[in-house]
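What follows is a set of notes on a single structure, which appears directly below.
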Amino acid sequence: MKIKVKVPATSANLGIGYDCLGIALDAYCIATFEEIEHGLEISGCEQAYCNSDNLFYRSFCAALEYMQKKVQGVRIHIDSNIPTARGLGSSATCIVAGITAASAMFHNAMNKYEIFDLAAKLEGHPDNVAPAIFGALCVSFMEEGHASMIRYGIKKDMHFIAIIPDYEVKTEDARKVLPTQMSYHDAVYQMGRCAAFAKALEIGNMLIVKKACKDKMQEPYRKQLIPEYDKIRALCERFGADTMFLSGSGSTMMALTREEECAMQLKKQLQIQYPAWDLRILHATYDGVQSEVL
């Protein structure tokens, strides 16, 4: 049996929603999983990852163990348009693809909530895997080791300008720079803005988007890992973007606007100033992971 899985890119945190907000975007990882007589064959990625440590394969095996099923061998081919280690959910796509493929191989033995719970355990947090599975804008959290989420809609005319540097920021480094405590005052600041920001994205209220997306919990500390951050933010403001935030822990920065001309002009200017960077205009997608039998 051969299974094709398609998983969207995701952007987590969205500035103000540290470790709880995530959105699905229209860049994709497509992977095929084919049962073979024995062994493991992997193609479509760097040779260093073509082994049993591959995250697609480890997630596939974790799902088999969960379902108490066995496969003698598997051939995996990866075709991904999502940059690795840039804050666009590349590890989440691997995990969700592997689990979903294993489930599909056994007639969708796992429902989406089971896939979500297992994926969150493997990823260590649910903010990326939730939109990768369910699509759109997701708010998620862990309770007693299990993942929960709720899905928001989002205006389809929002343009997410992904500004992807030619270097990575490791998640562990991004977590190390964060303080271990915050005040009640800052906690209240975050909670009000996070709740307002999620609803503003759903209804397209860009005035609230602009007011609410001013983070105090992580971006003031993580921006030091991205030397160009302040210049990029100033450029985004000059060209009329409503806000800009780090995607995940970076290094990708994401500008947001509902104006197509603003998005096009900002991308054009960024290409001039940072020709080695990957620059994309993305849009939210309501479609999470999809699978089919080939």
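Under the numbering used here, think of the first position of the sequence shown as 1, with each following residue one higher.
Backbone N, C-alpha and C fix where the C-beta goes; we use that ideal spot for every residue, glycine too.
Separation of A187 and Y113 (C-alpha to C-alpha, rounded to the nearest whole angstrom) is 30 Å. Contact annotation, T93 with V7: C-beta distance approximately 4 Å; criterion of less than 8 Å satisfied. Proximity to R175 across G248, M149 and C194 peaks at G248, based on C-alpha coordinates. Taking all protein chains in view, the Cβ of Y229 is crowded by 16 or more other Cβ atoms within 10 Å, so the residue is classified as buried. Just so you know, the alpha carbons of E261 and V169 end up roughly 30 Å apart. Collapsing the DSSP output to three states places M105 in a helix.
Collapsing the DSSP output to three states places E292 in a strand.
For the pair R222 and S52, the Cα-to-Cα distance works out to about 33 Å. Burial check for L137: the Cβ neighbour count within 10 Å reaches 16 or more, so the residue is buried.
With respect to the C-alpha of S140, the residue from N54, K199 and D19 having the closest C-alpha is D19. For the set M67, S80 and G17, the Cα lying nearest the Cα of C45 is the one of S80. Bounds of the alpha helix (DSSP H) holding D186 are Y184 to I203. Note on the region 64-145: whole alpha helix (DSSP H) runs with a minimum of 4 residues are 90-105, 112-123 and 129-134, in chain order. Excluding the 5 residues flanking it on each side, D157 has same chain C-beta neighbours closer than 6 Å at R258, in chain order. DSSP places V209 in the uninterrupted alpha helix (DSSP H) bounded by M206 to A212.
Listed as beta-bridge partners of L235 by DSSP are no residues whatsoever.
Between the C-alpha atoms of G39 and G73 there is a straight-line separation of about 5 Å. Buried is the label assigned to P131, since at least 16 other Cβ atoms lie within 10 Å of its Cβ. According to DSSP, residue pairing for Y28 in a beta bridge involves P8. When secondary structure is reduced to three states using DSSP, L178 falls in the coil class, being assigned neither helix nor strand.
Ranked by how close their Cα comes to the Cα of M67, the residues R193, T32, W277 and H107 have H107 in first place.
Between I161 and K267, the gap from beta carbon to beta carbon is short of 7 Å.
Excluding its 5 nearest sequence neighbours in each direction, S251 has C-beta neighbours in its own chain below 7 Å: R86, G87, P165, Y167, E168, V169 and I226, listed in chain order. In its chain, beyond the 5 residues on either side, G204 have a beta carbon closer than 6 Å to the beta carbon of K155.
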